[in-house]
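S.K.: Would you mind keeping the following structure in view while I ask a few things?
4 protein chains.
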Amino acid sequence: MSSQKSSADPTNRSPKQKRGHERVAILTEAAAKVFLEKGYEAATMTEIAAEATSSIGSLYQFFPTKVLLAEALHVERLRQLNAALVELQSSVGGMRASEIGDAIFTRLGDFLEEHREFPVLAARRDIPKERKATSRAELRGNIAALLQKAVPSIDNDIDLLAALVLELLRIIVTAAYDPDIGGDPRMVTELRGMLRKRLEEAAP
Amino acid sequence: MSSQKSSADPTNRSPKQKRGHERVAILTEAAAKVFLEKGYEAATMTEIAAEATSSIGSLYQFFPTKVLLAEALHVERLRQLNAALVELQSSVGGMRASEIGDAIFTRLGDFLEEHREFPVLAARRDIPKERKATSRAELRGNIAALLQKAVPSIDNDIDLLAALVLELLRIIVTAAYDPDIGGDPRMVTELRGMLRKRLEEAAP
Amino acid sequence: MSSQKSSADPTNRSPKQKRGHERVAILTEAAAKVFLEKGYEAATMTEIAAEATSSIGSLYQFFPTKVLLAEALHVERLRQLNAALVELQSSVGGMRASEIGDAIFTRLGDFLEEHREFPVLAARRDIPKERKATSRAELRGNIAALLQKAVPSIDNDIDLLAALVLELLRIIVTAAYDPDIGGDPRMVTELRGMLRKRLEEAAP
Amino acid sequence: MSSQKSSADPTNRSPKQKRGHERVAILTEAAAKVFLEKGYEAATMTEIAAEATSSIGSLYQFFPTKVLLAEALHVERLRQLNAALVELQSSVGGMRASEIGDAIFTRLGDFLEEHREFPVLAARRDIPKERKATSRAELRGNIAALLQKAVPSIDNDIDLLAALVLELLRIIVTAAYDPDIGGDPRMVTELRGMLRKRLEEAAP
DNA sequence: CATGAATGAGTATTCATTCAT
DNA sequence: CATGAATGAATACTCATTCAT
């Protein structure tokens, strides 16, 4: 249910030494920062390298393409996101429907706050729809698993509910990313409330 | 009394002749199409001109900047959107809370289906936050007015509710824009349901 | 000695009505202003038309080319300049060598102050060298005539002296045009002094 | 530690490798040539790159802007010019007033003959007046220092005299630049003579 | 492997000039 | 003739990517 694929895409040459692993991490974080600040298209490989206090050549050593760099980062974040959901499973046993939504919101909200570049990566227009579908399916699956585990009695519409959670989260992400709206915490409260109600209704 | 261009004024030249008005309309629609297909950043002034079977010079005659072109289109769509909301006012008098949400969803859903480039325009990263706030405020105001008119008894949290409607619509937009998800009409139904419930609760 | 050619270059269609003459004057002055402000290359036909509160089409009606417009203006200014020199002839009879230089400086200084775009026009890189030589020759000739008339005893080197006067004036022009230097009136005094001395020496 | 480019810093990238230094030199000379031939505005970055048998990208690697390229070249020439003046100091001790002017004319004449693009660079309309004033001041200072060293008894008006030298040189430059006039060596002789006389008078 | 130089196709934008109304 | 729309070659500049050292 969770994703355990090795983080190295076959297209990237994977670093052979520890040195390389550190470099990759630094480059990746630099990319995250620049993608967040500038957006995917406006971010330049040169600026990312500079942010990592590394050279263009070095950046290309590990990520032979801007697309591949974005993808690597995206995949990594998805892995972390799914891992967070999986981890949540151990603590939701026996929760009431009204609580599971909150738990998910809280956990994923934390994730998204820490990795604010995530929506930028997810919104890239050149993600092959296939990969997109797969990613969505995996996330939805993990959320569905959570719902299921917490409230075994819902199995009807469970996939739809999972998708709904995802969409509601997307609002929060967007709102949080957009400084104008994000300030109003009542919006999050509202959304949590709506979800809670829906879940209670699904599993009375 | 001319002044085709003048590097110092950041405004679109408005056409003075019939020919000009027609051309502007064609250019605008071409821009809408290309922005939708490619996204704002990847859209090319050259391609837009080509799509309009105009010369690049003609495009720049009326829209001296890519930003200004996008803005003009965005403003136009916002105008239409707000007009639709205002128009809706005349038909909501006496609706029940449970119906007003549906009415809005339907009307705005239609709009968004017809103008699929809207989210692209609205997501541009270079919109000055001030303008963004103003636009949001206007939309929210019109939605609030609708809610108020239909159900005068809600005045508590009416702005928050309006904002909520906007966010839920954003989901639909995004989902509709994203071919993978948009197909599932149950999602829209879900969202409508959630909103209906919330509104009923607000105005029992 | 002075130039009396008709101001209309054969390449320009000359206006047939009074209306046309006014237009031409307005356009010409607008051109003068814009050339002065922006320089020849940076000046645009569009801006010139706007400055004349006229349309591009109208501008092109009278001056079918930017080059032709600049040339027409240049020729007009040269005509005025030469006319001023010719006019001066009637008042220099019997002046001493030490005075004639001052007289020329004063008169031409006035001209250049009133028509500050002159150096811009004269510095255009695309003036055919032939025309350039002719213009210079005419100016030099008129200055030589002045010197001759005032101090008939100088005939040796009179052309060289005339050229010298021209060059010294160029300094003033440049300096006057350049706000940083122009402020210092002592420079003009110096140049006048040097010229006076040289002339006295030439005609003891 | 890279940072090839970064849209926010208005500086030339300095080369870090030997290859880079060579390229910069080639590009600079190519720029000098094209600026001289075409003038600043008409000179094209593409043509400069071609003249240097480099790619346009290489040119921009080191000179991120046409303005910056011109400035770099201008600054370099000013440096050389000032260096020439400073160097001259060691050989003017004890010269007579009548000689120092000639020495300066000769030295700077050589410089200007070798770097004929200099006036083009100096005449650019977009030089910030502040920089212009500074450059002038430095040149004037060096000339003043020369005059002072050679003829310590002049201190009255020394700055004005230095400015005068500069202006007289400007004539030569302009004349030399302008093929029509430059040919006449008597003009230079005249100017030298005038200056000599003025200096003798200043330091009898 | 790291570094940064080299490449060049691609992009927004300008502007003289021509043309339809 | 006036007006302003149409045209498109030309230009500065960008940036992903490749290569030499």
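Chains as they are written, first to last, in the numbering used here: chain S, 1 to 204; chain L, 205 to 408; chain G, 409 to 612; chain R, 613 to 816. All residues carry an ideal CB built from backbone N, CA and C; glycine is no exception.
Show which residues of chain G have a CB atom less than 8 Å away from the CB atom of Ile-660(R).
M.R.: Within the fourth sequence, the letter at position 48 stands for residue 660(R). What Ile-660(R) touches in chain G: nothing, since even the nearest Cβ is about 17 Å away.
S.K.: Check the Cβ of Leu-364(L) against every Cβ in chain S and list those closer than 8 Å, keeping chain order.
M.R.: Position 160 of the second sequence holds residue 364(L). Per Cβ cutoff of 8 Å: Asp-184, Arg-186, Met-187 and Glu-190.
S.K.: Unbroken alpha helix (DSSP H) runs of length 4 or more, entirely within the segment 536-565 of chain G: which are they?
M.R.: 537-558
S.K.: In whole angstroms, what is the alpha-carbon distance linking Arg-606(G) and Leu-572(G)?
M.R.: Sequence index remark: in the third sequence, residue 606(G) carries index 198 (1-based). Sequence index remark: in the third sequence, residue 572(G) carries index 164 (1-based). Rounded to the nearest whole angstrom, the CA to CA distance from Arg-606(G) to Leu-572(G) is 10 Å.
S.K.: Report yes or no: do three or more beta-carbon pairs, one from the segment 522-531 of chain G and one from the segment 562-576 of chain G, lie closer than 8 Å?
M.R.: These segments do not touch.
S.K.: Quick check on DSSP: helix, strand or coil for Gly-20(S)?
M.R.: Numbered from its first residue, the first sequence carries residue 20(S) at position 20. It is helical.
S.K.: Would you check if there are 3 or more beta carbon pairs closer than 8 Å linking the segment 458-473 of chain G to the segment 434-447 of chain G?
M.R.: Taking a cut-off of 8 Å on C-beta distances, the segment 458-473 of chain G touches the segment 434-447 of chain G, as three or more cross pairs fall below it.
S.K.: Below 9 Å on C-beta distance, what does Gly-243(L) contact in chain S?
M.R.: Along the second sequence, read from residue 1 onward, the residue named residue 243(L) stands at position 39. By Cβ distance, chain S contributes Glu-41 and Arg-125.
S.K.: Skipping 5 residues on each side, what residues in its chain have a beta carbon closer than 6 Å to that of Ala-492(G)?
M.R.: One-based indexing of the third sequence puts residue 492(G) at position 84. Excluding positions up to five away in sequence, the list reads Arg-515 and Phe-519.
S.K.: Does Met-45(S) come out as helix, strand or coil in the three-state DSSP assignment?
M.R.: Here residue 45(S) refers to the residue found at position 45 when the first sequence is read from its first residue. Helix, per DSSP.
S.K.: Let me know if His-74(S) comes out buried or exposed under the rule of 16 or more other beta-carbons within 10 Å of its beta-carbon.
M.R.: Here residue 74(S) refers to the residue found at position 74 when the first sequence is read from its first residue. The residue is buried, with at least 16 neighbouring Cβ atoms inside 10 Å.
S.K.: Any beta carbon of chain S sitting closer than 8 Å to that of Ala-379(L)?
M.R.: Working through the second sequence from its first residue, we reach residue 379(L) at position 175. Taking Cβ atoms only, chain S reaches closer than 8 Å to Ala-379(L), which makes this a yes.
S.K.: Strictly under 8 Å for the Cβ-Cβ distance: is Met-194(S) near chain L by that measure?
M.R.: Locating residue 194(S) in the first sequence gives position 194, counting from the first residue. Cβ-Cβ to chain L under 8 Å: yes for Met-194(S).
S.K.: Going by CA-CA distance only, name the one from Ile-783(R), Pro-797(R), Met-799(R) and Asp-767(R) that's closest to Ala-815(R).
M.R.: Along the fourth sequence, one-based indexing puts residue 815(R) at 203. Cα-wise, what sits closest to Ala-815(R) is Asp-767(R).
S.K.: Among residues of its own chain, excluding the 5 on either side of Gln-692(R), which ones have a beta-carbon nearer than 8 Å to its beta-carbon?
M.R.: Here residue 692(R) refers to the residue found at position 80 when the fourth sequence is read from its first residue. So the list reads Phe-723 and His-727, once near-sequence residues are dropped.
S.K.: Between the beta-carbon of Val-271(L) and the beta-carbon of Glu-251(L), is there less than 8 Å?
M.R.: Against the second sequence, residue 271(L) aligns to sequence position 67. Against the second sequence, residue 251(L) aligns to sequence position 47. No, they are not a contact pair.
S.K.: Pick out whichever of Ile-376(L), Ile-308(L) and Gly-345(L) has its Cα sitting closest to the Cα of Pro-323(L).
M.R.: On the second sequence, residue 323(L) is found 119 positions in, with the first residue counted as 1. Among Ile-376(L), Ile-308(L) and Gly-345(L), the Cα nearest to that of Pro-323(L) belongs to Ile-376(L).
S.K.: List the whole-angstrom C-beta distance separating Ser-90(S) from Arg-196(S), where the pair is believed to meet the contact cut-off of C-beta under 8 Å.
M.R.: If you number the first sequence from 1, residue 90(S) lands on position 90. If you number the first sequence from 1, residue 196(S) lands on position 196. Not confirmed; about 22 Å, so no contact.
S.K.: Just the C-alpha distance for Thr-11(S) and Ala-457(G), rounded to the nearest angstrom, thanks.
M.R.: Indexing the first sequence from 1 puts residue 11(S) at position 11. Indexing the third sequence from 1 puts residue 457(G) at position 49. Any reading at Thr-11(S) must be qualified, since the residue scores a pLDDT of 49, below 50, and its modelled position is unreliable; the value itself is stated next. Taking the straight line from one Cα to the other gives about 59 Å.
S.K.: Mind checking Ser-462(G): buried by the 16 CB within 10 Å criterion, or exposed?
M.R.: Start at 1 with the first residue of the third sequence, and residue 462(G) comes out as number 54. So Ser-462(G) counts as buried.
S.K.: Please decide whether Lys-197(S) counts as near chain L, where near means a Cβ-Cβ distance under 8 Å.
M.R.: Start at 1 with the first residue of the first sequence, and residue 197(S) comes out as number 197. Any Cβ of chain L closer than 8 Å to the Cβ of Lys-197(S) would place that residue at the interface, and such an atom is present.
S.K.: Rounded C-beta distance between Ile-347(L) and Leu-372(L)? I'm assuming under 8 Å.
M.R.: Against the second sequence, residue 347(L) aligns to sequence position 143. Against the second sequence, residue 372(L) aligns to sequence position 168. That pair is no contact at about 11 Å.
S.K.: Using a Cβ cut-off of 8 Å (strictly closer), state whether Leu-572(G) contacts chain R.
M.R.: Sequence index remark: in the third sequence, residue 572(G) carries index 164 (1-based). Taking Cβ atoms only, chain R reaches closer than 8 Å to Leu-572(G), which makes this a yes.
S.K.: Give a yes or no on whether the minimum CB-CB distance between Ile-579(G) and chain R is below 8 Å.
M.R.: Position 171 of the third sequence, counted from the start, is the residue given in the question as residue 579(G). Answer yes: the Cβ-Cβ gap between Ile-579(G) and chain R drops below 8 Å somewhere.
S.K.: Mind checking if Glu-683(R) is an interface residue toward chain G, Cβ cutoff 8 Å exclusive?
M.R.: As a working mapping, residue 683(R) is identified with position 71 in the fourth sequence. Not closer than 8 Å to any Cβ of chain G, the Cβ of Glu-683(R) fails to qualify, so no.
S.K.: What do you get for Val-151(S), buried or exposed, if any count of 16 or more other CB atoms within 10 angstroms of its CB means buried?
M.R.: Start at 1 with the first residue of the first sequence, and residue 151(S) comes out as number 151. Around the beta-carbon of Val-151(S), 16 or more other beta-carbon atoms lie within 10 Å, marking it buried.
S.K.: Less than 8 Å between CB atoms is the rule here; does Glu-575(G) satisfy it with respect to chain R?
M.R.: For the purposes of this step, residue 575(G) is identified with residue 167 of the third sequence, where counting begins at 1. Judged by the 8 Å Cβ criterion, Glu-575(G) is in contact with chain R.
S.K.: For my contact list, Ala-554(G) and Ile-512(G) are in at a C-beta cut-off of 8 Å; report their separation, rounded to the angstrom.
M.R.: Against the third sequence, residue 554(G) aligns to sequence position 146. Against the third sequence, residue 512(G) aligns to sequence position 104. Going by the sequence as given, residue 554(G) is Leu instead of Ala. With 8 Å as the limit, Leu-554(G) and Ile-512(G) qualify as a contact, their Cβ atoms being about 6 Å apart.
S.K.: Could you give the distance in angstroms between the alpha-carbon of Ala-274(L) and the alpha-carbon of Glu-241(L)?
M.R.: As a first step, residue 274(L) must be located in the second sequence, where it is residue number 70. As a first step, residue 241(L) must be located in the second sequence, where it is residue number 37. If I take the Cα positions, the gap works out to 14 Å.
S.K.: Cutting at 6 Å between CB atoms, please list the residues of its own chain near Glu-608(G), excluding the five before and the five after it.
M.R.: Along the third sequence, one-based indexing puts residue 608(G) at 200. Result list for Glu-608(G): Ala-505 and Ser-506, in chain order.
S.K.: Does the Cβ-Cβ distance between Arg-782(R) and Asp-714(R) come in under 8 Å?
M.R.: Walking along the fourth sequence from the start, residue 782(R) turns up at place 170. Walking along the fourth sequence from the start, residue 714(R) turns up at place 102. Not in contact: Arg-782(R) and Asp-714(R) (Cβ atoms no closer than 8 Å).
S.K.: Under 8 Å between C-beta atoms, does Ala-610(G) make it to chain R?
M.R.: Here residue 610(G) refers to the residue found at position 202 of the third sequence. The beta-carbon of Ala-610(G) is placed no less than 8 Å from the nearest beta-carbon of chain R.
S.K.: From this set, Phe-63(S), Thr-174(S) and Glu-41(S), which residue's C-alpha is nearest His-21(S)'s C-alpha?
M.R.: Indexing the first sequence from 1 puts residue 21(S) at position 21. Of the candidates Phe-63(S), Thr-174(S) and Glu-41(S), the one whose C-alpha sits nearest the C-alpha of His-21(S) is Phe-63(S).
S.K.: Alpha carbon to alpha carbon, how far is Ala-654(R) from Ala-664(R)?
M.R.: On the fourth sequence, residue 654(R) is found 42 positions in, with the first residue counted as 1. On the fourth sequence, residue 664(R) is found 52 positions in, with the first residue counted as 1. Answer to the nearest angstrom: the Cα atoms are 17 Å apart.
S.K.: Determine the direct distance from the alpha carbon of Met-453(G) to that of Asp-219(L), and round the result to whole angstroms.
M.R.: Locating residue 219(L) in the second sequence gives position 15, where the first residue counts as 1. Locating residue 453(G) in the third sequence gives position 45, where the first residue counts as 1. Position check: residue 219(L) holds Pro in this sequence, whereas Asp was assumed. Looking at the two C-alpha atoms, the distance is approximately 20 Å.
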